[in-house]
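Here the protein sequences line up with chains F and H, keeping their order.
Take the position in the first sequence, starting the count at 1, then add 4; the result is the number in this note's numbering.
Take the position in the second sequence, starting the count at 1, then add 4; the result is the number in this note's numbering.
Heads up, the beta-carbon is just placed ideally off N, CA and C, and yes, glycines get one too.
Note that this is a predicted model, so its numbers are computed, not measured.
Protein chains: 2
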Amino acid sequence: METVLSSATRQVSIGGQNPFCIIGERINPTGRKVFQEQLRNGDLSRIEVDVAEQVAGGAMMLDVNMGAPLCDEAELMTRAVTLIESQCDLPLCLDSSIIEVLEAGLAAYHGKALVNSVTAEDERLDAILPLVARHGAAVIALPNDEEEIPEEPARRLELARKIVDVATARYGIPLEDVVFDPLAMPVGADTTLVLRTLETIALLRDELGVNMTLGASNVSFGMPDRGAIGAAFLPMAIASGLTSAIMDARSAQLVQAVKAADLLTDRDPWGAQWIAAHRARQAATAS
Amino acid sequence: METVLSSATRQVSIGGQNPFCIIGERINPTGRKVFQEQLRNGDLSRIEVDVAEQVAGGAMMLDVNMGAPLCDEAELMTRAVTLIESQCDLPLCLDSSIIEVLEAGLAAYHGKALVNSVTAEDERLDAILPLVARHGAAVIALPNDEEEIPEEPARRLELARKIVDVATARYGIPLEDVVFDPLAMPVGADTTLVLRTLETIALLRDELGVNMTLGASNVSFGMPDRGAIGAAFLPMAIASGLTSAIMDARSAQLVQAVKAADLLTDRDPWGAQWIAAHRARQAATAS
Numbered sequence: 005m006e007t008v009l010s011s012a013t014r015q016v017s018i019g020g021q022n023p024f025c026i027i028g029e030r031i032n033p034t035g036r037k038v039f040q041e042q043l044r045n046g047d048l049s050r051i052e053v054d055v056a057e058q059v060a061g062g063a064m065m066l067d068v069n070m071g072a073p074l075c076d077e078a079e080l081m082t083r084a085v086t087l088i089e090s091q092c093d094l095p096l097c098l099d100s101s102i103i104e105v106l107e108a109g110l111a112a113y114h115g116k117a118l119v120n121s122v123t124a125e126d127e128r129l130d131a132i133l134p135l136v137a138r139h140g141a142a143v144i145a146l147p148n149d150e151e152e153i154p155e156e157p158a159r160r161l162e163l164a165r166k167i168v169d170v171a172t173a174r175y176g177i178p179l180e181d182v183v184f185d186p187l188a189m190p191v192g193a194d195t196t197l198v199l200r201t202l203e204t205i206a207l208l209r210d211e212l213g214v215n216m217t218l219g220a221s222n223v224s225f226g227m228p229d230r231g232a233i234g235a236a237f238l239p240m241a242i243a244s245g246l247t248s249a250i251m252d253a254r255s256a257q258l259v260q261a262v263k264a265a266d267l268l269t270d271r272d273p274w275g276a277q278w279i280a281a282h283r284a285r286q287a288a289t290a291s
Numbered sequence: 005m006e007t008v009l010s011s012a013t014r015q016v017s018i019g020g021q022n023p024f025c026i027i028g029e030r031i032n033p034t035g036r037k038v039f040q041e042q043l044r045n046g047d048l049s050r051i052e053v054d055v056a057e058q059v060a061g062g063a064m065m066l067d068v069n070m071g072a073p074l075c076d077e078a079e080l081m082t083r084a085v086t087l088i089e090s091q092c093d094l095p096l097c098l099d100s101s102i103i104e105v106l107e108a109g110l111a112a113y114h115g116k117a118l119v120n121s122v123t124a125e126d127e128r129l130d131a132i133l134p135l136v137a138r139h140g141a142a143v144i145a146l147p148n149d150e151e152e153i154p155e156e157p158a159r160r161l162e163l164a165r166k167i168v169d170v171a172t173a174r175y176g177i178p179l180e181d182v183v184f185d186p187l188a189m190p191v192g193a194d195t196t197l198v199l200r201t202l203e204t205i206a207l208l209r210d211e212l213g214v215n216m217t218l219g220a221s222n223v224s225f226g227m228p229d230r231g232a233i234g235a236a237f238l239p240m241a242i243a244s245g246l247t248s249a250i251m252d253a254r255s256a257q258l259v260q261a262v263k264a265a266d267l268l269t270d271r272d273p274w275g276a277q278w279i280a281a282h283r284a285r286q287a288a289t290a291s
């Protein structure tokens, strides 16, 4: 199953035999005081730096989150979308918990966006999915509801099925345009949680055949040597069926782990990309 | 299921909730001309260097192969076993295609060794398994026979079942003392082969519940940036059920990938080992 996203001029597909989709994660002021202050002053110049770094690192889509305190997030999202569209041609993932912000981003965007995100809560489904359907967008879906973030993979599958039913039957969104987030939890909080995430990924792949994405940095939250944890986690998740991640493309270690996983799962025919990347690094070192 | 190996003074278990078992691979003259020349002259001093490096890197067992051209391999194996026993207390994996060499190594060794290896060929089974049984050793078993190295995971499972039957029913070797090698092939030869290996690992885990090991460096043979390929492959294989590998413990990248996989698969309770390793590296850098 392939999920096709697009900017005005470029298509990117998640899943099928395509390489793992790296969604660059840094265009987000969370936890960044200087960036937040700049956004409060209407200064979006930091976005250009972040976009350039994610593109240089190998991002294939970009996640855009403008959730800074005391800001008009909808206006910032509109301006950010337009700015990024002028800077690069990667498809965007519009990231907000606020409906109006998603609406503003979708209205400004010239392409097929990935909306981040909806849950299995009835109220969220009925607010966000009509928006996704109207704009012909795709959506990231989290299998949790009003009552719980379930630990059990089987319960996560149940909630995923509910989302599929509502999205396809009630709102006419094609199944391939629902990308699931299997809920990646910090291993530092409980060392059994990642196994549940891996089981969920395998279950969603086997039972629904859907594409999946997750926030790769969640897993290593609170632990030292986070890059090495992420670089082991992503190949494990890819072996279980993960087809995309929201991750920091500035990390050569993470990106190389993903490219190695592409090679090992037959998504890099003849190893051509792997060998080309090796030669590019050699040339960069020599010059 | 746990496979327990031992030296004269130390036990190591493969599988169950134990950390992934790193079997150090360098005590082997294959492809090393100077080392081969030294062995021909009866000089075993290089072994001491290799053992020290594997131990320092985190090896939990050591693979010993004395297959150098124009040497008395059985005599070298006897001397190597005695030398290594005097130097460290790690259990040994005795590695040779020659029955007499395995016999000499087992006779010299004071502990429960892992014999590397037997195949599903009738002649090999009936030559090696009696030796394994008589010495109370464990054995690495490869699911290929006279006719083929099968590509299909289902056929590899069939041959694995044959080995299990012969080992347990005919020779009284406990199932936990048969450690399977799922046949790791070079991804550079055919980019579909690693997926077959991963499927085989999952199948042997689900159907037989056995422990498994493999030569980790095979997978990246012939490709550039081999460390990065191995560091992605091992977590994938561990997620599928691999419990051990014969690998070069000098590679910090490979060892860290294995330790991260231990953390992520709940084989490092509270992340205590991961955090301790981080602190040890910090202390080493600071001093």
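Interface residues of chain H facing residue i [CB-CB closer than 8 Å]
i, result
"phenylalanine 237 of chain F", "Pro239, Ala264, Leu268"
"histidine 139 of chain F", "What histidine 139 of chain F touches in chain H: nothing, since even the nearest Cβ is about 36 Å away."
"leucine 80 of chain F", "Under the 8 Å cutoff, chain H gives no residues; its nearest Cβ is about 36 Å from leucine 80 of chain F."
Neighbouring residues, chain H, relative to residue i (Cβ below 9 Å)
i, result
"methionine 216 of chain F", "Within chain H, no residue comes near methionine 216 of chain F; the closest Cβ sits about 15 Å away, beyond 9 Å."
"valine 198 of chain F", "Leu267, Leu268, Thr269, Asp270"
"threonine 195 of chain F", "Leu267, Leu268, Thr269, Asp270, Arg271, Asp272, Pro273, Trp274, Gly275"
"leucine 208 of chain F", "Here the premise fails: no neighbours, minimum Cβ distance about 15 Å."
"leucine 187 of chain F", "Here the premise fails: no neighbours, minimum Cβ distance about 15 Å."
"leucine 202 of chain F", "Ala243, Leu268, Thr269"
Chain-order list of residues whose beta-carbon lies under 7 Å from that of residue i (same chain, five-residue window excluded)
i, result
"glycine 19 of chain H", "Met5, Glu6, Thr7, Asn215, Thr247"
"alanine 171 of chain F", "Leu133, Ile177, Val182"
"alanine 241 of chain H", "Leu202, Ile205"
"alanine 131 of chain F", "Ile103"
"alanine 281 of chain F", "Lys263"
"glutamine 219 of chain H", "The residue you asked about is not glutamine; residue 219 of chain H is glycine in the sequence shown. The residues are Ala188, Ile250."
Chain F residues whose Cβ lies nearer than 9 Å to that of residue i
i, result
"glycine 35 of chain H", "Correct list: empty, because the minimum Cβ distance to chain F is about 22 Å."
Nearest candidate by alpha-carbon position, reference residue i, set the options
i, options, result
"isoleucine 31 of chain F", "F/Asp67, F/Arg44, F/Ala60", "F/Asp67"
"proline 33 of chain F", "F/Asp54, F/Val85, F/Asp149", "F/Asp54"
"tyrosine 113 of chain F", "F/His139, F/Leu129, F/Val259", "F/His139"
"proline 157 of chain F", "F/Leu207, F/Ala288, F/Lys166, F/Leu118", "F/Leu207"
"threonine 123 of chain H", "H/Ala108, H/Glu104, H/Leu110, H/Val143", "H/Val143"
"glycine 192 of chain H", "H/Asp210, H/Lys116, H/Arg230, H/Cys75", "H/Arg230"
"isoleucine 102 of chain F", "F/Gln277, F/Glu89, F/Met81", "F/Met81"
"alanine 137 of chain H", "H/Tyr175, H/Ala236, H/Glu52", "H/Tyr175"
"arginine 44 of chain F", "F/Ser17, F/Leu74, F/Arg128", "F/Leu74"
"methionine 189 of chain H", "H/Gly226, H/Gln91, H/Glu180", "H/Gly226"
"aspartate 210 of chain H", "H/Asp252, H/Ala236, H/Arg165, H/Asp194", "H/Arg165"
"glutamate 127 of chain F", "F/Ala108, F/Ala288, F/Glu151, F/Ile88", "F/Glu151"
"glycine 46 of chain F", "F/Asp185, F/Asn222, F/Ala173, F/Glu79", "F/Glu79"
"tryptophan 274 of chain H", "F/Pro147, F/Cys97, F/Pro228", "F/Pro228"
"alanine 173 of chain F", "F/Leu129, F/Glu89, F/Leu110, F/Asp149", "F/Leu129"
"leucine 212 of chain F", "F/Glu89, F/Glu155, F/Pro186, F/Glu52", "F/Pro186"
"serine 90 of chain H", "H/Asp194, H/Ala290, H/Glu107, H/Ser49", "H/Ser49"
Neighbouring residues, chain F, relative to residue i (Cβ below 8 Å)
i, result
"isoleucine 26 of chain H", "Those within 8 Å of isoleucine 26 of chain H in chain F number zero; the least Cβ separation is about 14 Å."
"serine 244 of chain H", "Ala243"
Per-residue contacts from residue i into chain F (C-beta, under 7 Å)
i, result
"glycine 192 of chain H", "Gly275"
"proline 228 of chain H", "Ile279, His282"
Sub-8 Å separation of residue i and residue j beta-carbons
i, j, result
"isoleucine 233 of chain F", "serine 224 of chain F", "yes"
"threonine 217 of chain H", "valine 262 of chain H", "no"
"leucine 199 of chain F", "threonine 269 of chain H", "yes"
"isoleucine 177 of chain H", "glutamate 29 of chain H", "no"
"alanine 117 of chain F", "alanine 145 of chain F", "no"
"glutamate 3 of chain H", "valine 105 of chain H", "The first residue shown for chain H is 5 and the last is 291, placing residue 3 of chain H beyond what the model contains."
"arginine 254 of chain F", "glutamate 57 of chain F", "yes"
"alanine 264 of chain H", "proline 239 of chain H", "yes"
"glycine 115 of chain F", "valine 259 of chain F", "no"
"leucine 179 of chain H", "valine 168 of chain H", "yes"
Beta-carbon contacts of residue i that lie in its chain and below 6 Å, excluding the five residues immediately before and after
i, result
"aspartate 266 of chain F", "Pro23, Phe24, Asp272"
"threonine 13 of chain F", "Asp93"
"asparagine 69 of chain H", "Asn32, Asp99"
"glutamine 40 of chain F", "Pro33, Ala72"
"methionine 64 of chain F", "Val16, Cys25, Ile26"
"glutamine 257 of chain H", "Gly231, Ala235"
"proline 154 of chain F", "Arg160"
Residues near residue i in its chain [Cβ-Cβ closer than 8 Å; skip 5 each side]
i, result
"threonine 86 of chain F", "Ala112"
"glutamine 15 of chain F", "Val8, Leu9, Pro95"
"glutamate 107 of chain F", "Ala78, Leu135"
Within chain H, the residues that residue i reaches when beta carbons sit closer than 7 Å
i, result
"alanine 232 of chain F", "Gln260, Ala264"
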